[in-house]
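Read in order, the letters of the sequence shown correspond to residues -27 to -1, 1 to 462 in mature numbering (1 follows the signal peptide of the UniProt record, and there is no 0). We put the beta carbon where it would ideally sit given N, CA and C, even for glycine. None of these values were measured; they are calculated from a predicted model.
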Amino acid sequence: MVFPKFSTTFLFLLWLLLLLINNGVEAFHKVYPHLQSVSTISVGTQHRTGYHFQPRKHWINDPNGPMYFNGFYHLFYQYNPNGSVWGNIVWAHSVSKDLINWEAVEHALYPSKSFDKYGCWSGSATIVPGIGPVIQYTGVVDEKQTQVQCYAIPEDLKDPHLRKWVKPDGSNPFVVADNPVNGSAFRDPTTAWWSKDGHWRIVVGSRRKDRGVAYMYRSKDFKKWVRSRHPLHSRKDTGMWECPDFYPVSLKSNLGLDASAEGNQTKHVLKNSLDLTRYEYYTVGTYRRDKDRYVPDKTSEDGWGGLRYDYGNFYASKSFFDPSKNRRVIWGWANESDTKEDDVRKGWAGIQAIPRTVWLDPNQRQLLLWPVEELNNLRGKEVNMNNQKLEKGEKVEVKGITAAQADLEVEFSIPNLEKAEKYDDKWVDAQEACANKGSNVEGGVGPFGLLTLASEKLEEFTPVFFRIFKDKKKHVILMCSDATRSSLK
């Protein structure tokens, strides 16, 4: 679908059902005891995805410990094997050769020890030389939700699928909260990284009152861990930092780096998932290993208004380095916007968003993300629409798409940008700007885009649309979605 030509072409890859709907989500996992173990008799297929990772049925949330080991990708994830709401959580486990086609294997972790009797919560995986993959995760020890850090190792490294995992009794938990760490808000250890001083390091998310904190721990043998004198980083007014992620990015190329990479040709990224808002933000900055401090660049806003991987429904993300293709890949969880009763009725809830490759923008101020190349293998029959001129307010159906889902590449050309509205410097929040400038609000240039999930007579649809503004000597593109004309049935 092409608009009249102008001097600059905008090329967008839009993948349907990415759940860009900007609905709010719960700030914590509400407990529904009467629904936790209502098993599914049949699974509803309406709106189930074909491009995204999801189990055959029931509840899924955080991606955990993604890794590549001995020719297989591994993805662990928080999962309720007994129902379609949060509860009964285990670390489910699936393996793949291509990040697209997955085989579910035995659950890797489930509450079975005194140190995780009340929960096996999120964490990461590290491939340790001489040992192999090690899962580090948060165990919940009592009804007060006291949290400790635990680990597990494969029972048989010769098993290519690593089906069974064991939790050594003698050295678990490997970290217990000490003063001033808040033991009821202390979770989600990161992938470990090794430094030239001979120490491994990890970060664990926490909070002190309203301050989000990333505590750092060090170890020489990957068994005994000691807390550093001060946190890697913290920030006031951000609340609990869940699912922290800390990794290096290259200044010279778009290739990924192992977590242990360091030097003057790297920067580091610290991402935190904010329990207060259920959104994430990240900063780009400098890691001072000599001081065990992370300092965000002045161009990275450190707080609620900071940069995000995804401005839609995307939370608890976790990245990993893929040595087979020298890339860093990010997974993230997208939850449901309908009621818990609806989730039980349809027999499933939640997906993992499309995995994306991530690298540092050449301007060194932000990250760039793009769906992993393997997704192209899911494409089937190609449908084209070329040189389609659209008049103001006109809607044109893209005919020939018979599949329930489609992967679209759309190129819009605009004759000129003279009518673009002036960008308001007060619009620091893209979501707020989208809310104020909905799909039905006429602008200078825009809105233009796609109507997805549209009914035959357009009684309902979900627009994914763009607006262009002028800001001093440049133009600003706002990408939005609007769920006000969408239903959930």
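Please list the terminal residues of the continuous alpha helix (DSSP H) segment that includes residue i.
i: Asn409; result: Ala403 to Asn409
How would you call residue i, buried or exposed, if buried means at least 16 neighbouring beta carbons within 10 angstroms?
i: Ala377; result: exposed
i: Gln238; result: exposed
i: Ile450; result: exposed
i: Ser428; result: exposed
i: Asp161; result: buried
i: Ala326; result: buried
i: Arg29; result: exposed
i: Gly56; result: buried
i: Val(-3); result: In this predicted model, Val(-3) has a pLDDT of only 31, less than 50, meaning its place in the structure is not dependable; the value taken from the coordinates is given anyway. Label assigned to Val(-3): exposed.
i: His241; result: buried
i: Lys430; result: exposed
i: Gly419; result: buried
i: residue 545; result: This structure cannot settle anything about residue 545, because the visible part of the chain is limited to -27 through 462.
i: Leu230; result: buried
i: Thr18; result: exposed
i: Gln361; result: exposed
i: residue 463; result: In this structure the chain extends from -27 to 462, so residue 463 is not present and cannot be described.
i: Lys3; result: exposed
i: Leu(-17); result: Residue confidence is low: Leu(-17) scores 35 on pLDDT, short of 50, so the model does not pin down where it sits. No coordinate-derived value is stated.
i: Lys319; result: buried
i: Glu384; result: exposed
i: Thr312; result: exposed
i: Ser412; result: buried
i: Gly353; result: exposed
i: Asn359; result: exposed
i: Ser454; result: buried
i: Ile175; result: buried
i: Gly212; result: buried
Is the Cβ-Cβ distance between residue i and residue j less than 9 Å?
i: Cys123; j: Phe159; result: no
i: Pro296; j: Tyr41; result: yes
i: Trp198; j: Asn245; result: no
i: Lys443; j: Lys395; result: yes
i: Gly279; j: Thr259; result: no
i: Ser97; j: Gly60; result: no
i: Pro208; j: Gly103; result: Checking the sequence, you will find Arg at residue 208 rather than Pro. Not a contact, by the Cβ cut-off of 9 Å.
i: Ala408; j: His25; result: no
i: Gly422; j: Phe438; result: yes
i: Tyr110; j: Ser87; result: no
i: Thr272; j: Asp218; result: no
i: Ile108; j: Leu82; result: yes
i: Arg338; j: Leu228; result: no
i: Val78; j: Val68; result: yes
i: residue 463; j: Arg261; result: Residue 463 lies beyond the range of the chain shown here (-27 to 462); nothing can be said about it.
i: Trp166; j: Ser85; result: no
i: Leu348; j: Asp380; result: yes
i: Leu363; j: Ile441; result: no
i: Gln51; j: Tyr91; result: no
i: Ala403; j: Tyr284; result: yes
i: Arg180; j: Asn152; result: no
i: Asn53; j: Trp75; result: no
i: Thr435; j: Ala406; result: no
i: Gly178; j: Asn145; result: no
The beta strand (DSSP E) that contains residue i, what's its start and end?
i: Leu381; result: Asp380 to Phe385
i: Trp173; result: Trp173 to Arg181
i: Lys430; result: No beta strand (DSSP E) contains Lys430, which DSSP labels as neither H nor E.
i: Cys184; result: Cys is not the amino acid found at residue 184; the sequence shown has Arg there. Per DSSP, Arg184 belongs to the beta strand (DSSP E) from Arg184 to Ser192.
i: Ile100; result: Cys93 to Val101
i: Ile450; result: Lys447 to Ser454
i: Ile104; result: Per DSSP, Ile104 belongs to no beta strand (DSSP E) and is neither H nor E.
i: Val114; result: Note, Val114: premise wrong, no beta strand (DSSP E); not H, not E.
i: Leu424; result: Phe421 to Thr425
Below 8 Å on the Cβ atoms is my contact criterion, and I expect residue i with residue j to pass it. Report the Cβ-Cβ distance as a whole number of Å.
i: Ile324; j: Thr22; result: 6 Å
i: Tyr188; j: Pro204; result: 5 Å
i: Ile73; j: Leu351; result: 6 Å
i: Ser292; j: Cys216; result: That pair is no contact at about 11 Å.
i: Pro36; j: Trp304; result: 4 Å
i: Val149; j: Val186; result: Not really, about 16 Å apart at Cβ, beyond 8 Å.
i: Ser157; j: Trp173; result: Actually they are not in contact, since the Cβ atoms of Ser157 and Trp173 sit about 26 Å apart, beyond 8 Å.
i: Asp142; j: Ser201; result: Contact flag wrong, Cβ pair sits at about 27 Å.
Please report whether the beta-carbon of residue i lies at a distance below 9 Å from any beta-carbon of chain D.
i: Asp183; result: As a matter of chain content, chain D is missing from the structure shown, which is built from one protein chain.
>> Quick check on the DSSP output: what are the complete alpha helix (DSSP H) runs of length 4 or more inside the segment 288 to 375, in order along the chain?
In response: Counting whole runs of 4 or more residues, the segment 288 to 375 contains the alpha helix (DSSP H) stretches 313 to 319.
>> Which runs of the beta strand (DSSP E) at least 3 residues long sit entirely within the segment 209 to 287? Give them in chain order.
In response: Here the runs fully enclosed are 214 to 223, 239 to 247, 252 to 261 and 266 to 269.
> What are the start and end residues of each continuous alpha helix (DSSP H) run of 4 or more residues lying completely inside the segment 35 to 80, in chain order?
Replying inline: Correct list: empty.
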